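Working notes for the structure below.
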Amino acid sequence: MQRLLVTGGAGFIGSNFVHYVMSTTENFVTVLDKLTYAGNLESLKHLPADRFQFVKGDICDQPLVDDLVAAHDVVVHYAAESHNDNSLQDPRPFLDTNIIGTYTLIEAARKHNKRFHHISTDEVYGDLELDDPERFTENTPYNPSSPYSSTKAGSDLLVRAWVRSFGLQATISNCSNNYGPYQHVEKFIPRQITNVIAGIRPKLYGKGENVRDWIHANDHSSAVLAIIDKGLIGETYLIGADGEKNNKEVVELILAHMGQPRDAYDHVVDRAGHDLRYAIDSTKLRTELGWQPQFSNFDAGIEDTIDWYRANEDWWRPQKAATEAKYKEQGQ
1 MQRLLVTGGA GFIGSNFVHY VMSTTENFVT VLDKLTYAGN LESLKHLPAD RFQFVKGDIC
61 DQPLVDDLVA AHDVVVHYAA ESHNDNSLQD PRPFLDTNII GTYTLIEAAR KHNKRFHHIS
121 TDEVYGDLEL DDPERFTENT PYNPSSPYSS TKAGSDLLVR AWVRSFGLQA TISNCSNNYG
181 PYQHVEKFIP RQITNVIAGI RPKLYGKGEN VRDWIHANDH SSAVLAIIDK GLIGETYLIG
241 ADGEKNNKEV VELILAHMGQ PRDAYDHVVD RAGHDLRYAI DSTKLRTELG WQPQFSNFDA
301 GIEDTIDWYR ANEDWWRPQK AATEAKYKEQ GQ
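Counting in UniProt numbering, the sequence shown runs from 1 upward without gaps.
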């Protein structure tokens, strides 16, 4: 049994990882989360008290981080400001959390010689043309296009530098867009699903041609565990499940599954600097570590996700009105 410290474990991808670890291993998990708007303790209900604890706190709090890192075997760093729209409105929190927070954690991991895994995003690579046959690999140059992606790129580079300069026992993973349970309604897929449930027409940025490489959060979690268990120190692994879909296709699929006409959505003003296409080549992860995604059928994964949001209105309803009001102010 290992003791895992999971930062940002009350957020979407972090909470899914915690549930996955608790259901597939005997490890003890401590979640450190500041509980900003994106963190929700309801996402961590019904976990066994003898193997789980929650600590409310900021990853920029050096004394707290130092104590927690010292008491654990592995640090899994999910905590991040991650919503592109928010980074365009107010970049400063992204600098604080994604840069200073990561620095605070890796300094503690270095001091106590702890295993560290850093969760990042494919958005650090910028975007691809819609007709580009290439996909992102571990060797793709960084080319971030927003305050969010640039601060995540900066945090990746900090981890790499600490590995080389100080011998930090770290790995990095860059993952494509996640979907599944516990995702905040500001995000693309849950926003459309909850709009339909709430009787609101879904919203599509621009023409909806932007392509994302979708992966179920459980597949992301299994990949992270594989990297922690078998990944080589200092290496970066890209996580993807060959789930490329454009936003128009996703909205229309959601509407079809929910018994609505496929064109029952509204076009809204596009996001500034909206990346065209992300696509992940996860060959290294699959060949070197033997990982394979389990949710390879995006259609079935969307149906399962719709069912979860239908069954858990008490989880997302409190967030919905304020989220839609903010989007309305932005003309979106």
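We put the CB at the ideal spot given by N, CA and C, even for glycine.
Fair warning: this is a prediction, and the values are worked out from it, not measured in the lab.
Inset, instruction - Assuming L4 contacts V76 (C-beta within less than 8 angstroms), just tell me the rounded distance between them. - result: Numbered from its first residue, the sequence shown carries residue 4 at position 4. Numbered from its first residue, the sequence shown carries residue 76 at position 76. Rounded to the nearest angstrom, the Cβ distance from L4 to V76 is 6 angstroms, consistent with a contact under 8 angstroms.
Legend entry - Enclosing alpha helix (DSSP H) for L225 [first to last residue]: For the purposes of this step, residue 225 is identified with residue 225 of the sequence shown, where counting begins at 1. 217-230 is the extent of the alpha helix (DSSP H) around L225.
Legend entry - Member of Y265, Y237, L95, A161 whose CA lies at the smallest distance from the CA of R201: Along the sequence shown, read from residue 1 onward, the residue named residue 201 stands at position 201. Put simply, of Y265, Y237, L95, A161 the residue whose alpha carbon is nearest the alpha carbon of R201 is Y265.
Legend entry - Continuous alpha helix (DSSP H) stretch holding L289: start and end: Mapped onto the sequence shown, residue 289 falls at position 289. Secondary structure note for L289: its alpha helix (DSSP H) is the uninterrupted segment 283-289.
Inset, instruction - Could you check if D213 is buried or exposed, using at least 16 other CB atoms within 10 Å of its CB as the buried criterion? - result: Taking the sequence shown and counting its residues from 1, the one referred to as residue 213 is at position 213. D213 should be labelled buried.
Inset, instruction - Examine the Cβ distances between the segment 83-102 and the segment 145-158 and report whether three or more of them are shorter than 8 angstroms. - result: Under the 8 angstroms Cβ criterion, the segment 83-102 counts as touching the segment 145-158, having at least three qualifying pairs.
Inset, instruction - In the DSSP assignment, find the beta strand (DSSP E) that holds A49 and state where it starts and stops. - result: Reading the sequence shown from its first residue, position 49 is the one you call residue 49. For A49, there is no enclosing beta strand (DSSP E), as DSSP marks it with neither H nor E.
Legend entry - Residues near S282 by beta carbon distance below 7 angstroms, same chain, minus five either side: For this step, residue 282 is matched to residue 282 along the sequence shown. These residues qualify, in order along the chain: L238, I239, G240.
Inset, instruction - Check K207 in the structure and name its three-state DSSP category. - result: As a working note, residue 207 is residue 207 in the sequence shown. Under the three-state reduction of DSSP, K207 is assigned to coil, being neither helix nor strand.
Inset, instruction - Note the first and the last residue of the continuous alpha helix (DSSP H) segment covering H257. - result: What you label residue 257 is simply residue 257 of the sequence shown in a count that begins at 1. 247-257 is the span of the alpha helix (DSSP H), which, as asked, contains H257.
Legend entry - Extent of the continuous beta strand (DSSP E) run through L32: The residue you call residue 32 lines up with position 32 of the sequence shown. Its beta strand (DSSP E) spans residues 28-33.
Inset, instruction - Kindly indicate which three-state DSSP category E303 falls into: helix, strand or coil? - result: The residue you call residue 303 lines up with position 303 of the sequence shown. Helix at E303.
Inset, instruction - Check the Cβ-Cβ distances between E249 and every residue of chain D, and say whether any is below 8 angstroms. - result: In summary, chain D is missing from the structure at hand, where a single protein chain is found.
Inset, instruction - Evaluate contact between the segment 176-195 and the segment 310-321, counting only Cβ atoms and requiring at least three cross-stretch pairs below 8 angstroms. - result: The way I'd put it, the segment 176-195 does touch the segment 310-321; three or more beta-carbon pairs between them come closer than 8 angstroms.
Inset, instruction - Would you mind reading off the limits of the beta strand (DSSP E) that contains V124? - result: One-based indexing of the sequence shown puts residue 124 at position 124. Unbroken run through V124: none, as it is neither H nor E.
Legend entry - Identity of the residues DSSP links to E42 by a beta bridge: Residue 42 sits at position 42 when you count from the first residue of the sequence shown. Residue pairing from DSSP leaves E42 without any beta-bridge partner.
Inset, instruction - Return the first residue and the last residue of the beta strand (DSSP E) that H267 is part of. - result: Here residue 267 corresponds to residue number 267 of the sequence shown, with the count starting at 1. 266-268 is the span of the beta strand (DSSP E), which, as asked, contains H267.
Inset, instruction - Let me know if A223 comes out buried or exposed under the rule of 16 or more other beta-carbons within 10 Å of its beta-carbon. - result: Within the sequence shown, numbered from 1, the residue matching residue 223 stands at position 223. A223 comes out buried.
Inset, instruction - State the CB to CB distance for the pair N218 and Q292, rounded to an integer number of angstroms; the pair is presumed to be in contact (CB under 8 angstroms). - result: Numbered from its first residue, the sequence shown carries residue 218 at position 218. Numbered from its first residue, the sequence shown carries residue 292 at position 292. Between Q292 and N218 the Cβ distance is about 13 angstroms, and since that is not below 8 angstroms, they are no contact.
Legend entry - Start-to-end residues for the beta strand (DSSP E) that takes in T7: By 1-based counting over the sequence shown, the position of residue 7 is 7. It spans 3-7 - the beta strand (DSSP E) in which T7 sits, taken as one unbroken run.
Legend entry - Contact set for A10: own chain, Cβ-Cβ below 8 angstroms, skip 5 residues either direction: Counting from one through the sequence shown, the residue named residue 10 turns up at place 10. Only V31, D33, L35, G39, N40, L41, S43, L44, F54 meet the Cβ criterion.
Inset, instruction - Could you please give the first and the last residue of the uninterrupted beta strand (DSSP E) stretch that includes Y237? - result: What you label residue 237 is simply residue 237 of the sequence shown in a count that begins at 1. Note, Y237: beta strand (DSSP E), 236-239.
Legend entry - the segment 128-137 contacting the segment 92-106, beta-carbon criterion three pairs below 8 angstroms: The segment 128-137, when compared against the segment 92-106, does not touch it at the 8 angstroms Cβ threshold.
Inset, instruction - With DSSP as the reference, label F166 as helix, strand or coil. - result: Numbered from its first residue, the sequence shown carries residue 166 at position 166. Note: F166 maps to helix in three-state DSSP.
Inset, instruction - State the DSSP-derived secondary structure class of F17, mapped to helix, strand or coil. - result: Translated into positions along the sequence shown, residue 17 becomes position 17. Residue state, collapsed to three classes: helix.
Inset, instruction - For V75, write down the residues that DSSP places opposite it in a beta bridge. - result: On the sequence shown, residue 75 is found 75 positions in, with the first residue counted as 1. Answer is L5, F116.
Legend entry - Proximity of F136 and D122 at Cβ, strictly below 8 angstroms: Here residue 136 corresponds to residue number 136 of the sequence shown, with the count starting at 1. Here residue 122 corresponds to residue number 122 of the sequence shown, with the count starting at 1. Contact annotation: F136 and D122 have beta-carbon atoms nearer than 8 angstroms.
Inset, instruction - Note down, in chain order, each residue of its chain lying with its Cβ closer than 6 angstroms to the Cβ of H267, except the 5 sequence neighbours on either side. - result: Start at 1 with the first residue of the sequence shown, and residue 267 comes out as number 267. Within the same chain, H267 has close Cβ partners L204.
Inset, instruction - Determine the burial state of I233: buried for a count of at least 16 other Cβ atoms within 10 Å of its Cβ, exposed for fewer. - result: Within the sequence shown, numbered from 1, the residue matching residue 233 stands at position 233. I233 should be labelled exposed.
Legend entry - Cutoff 8 angstroms; reference R110; Cβ partners in own chain excluding five residues on either side: Sequence index remark: in the sequence shown, residue 110 carries index 110 (1-based). Excluding residues up to 5 positions away in sequence, W162, F166, G167, L168 lie with their Cβ nearer than 8 angstroms to the Cβ of R110 in the same chain.
Inset, instruction - Starting from the C-beta of W308, find all residues in its chain whose C-beta is less than 6 angstroms away, skip the five residues before and the five after it, and write them out in chain order. - result: Your numbering for residue 308 matches position 308 in the sequence shown. Within its own chain, the residues whose Cβ lies closer than 6 angstroms to the Cβ of W308, once the five positions on either side in sequence are excluded, are P181, listed in chain order.
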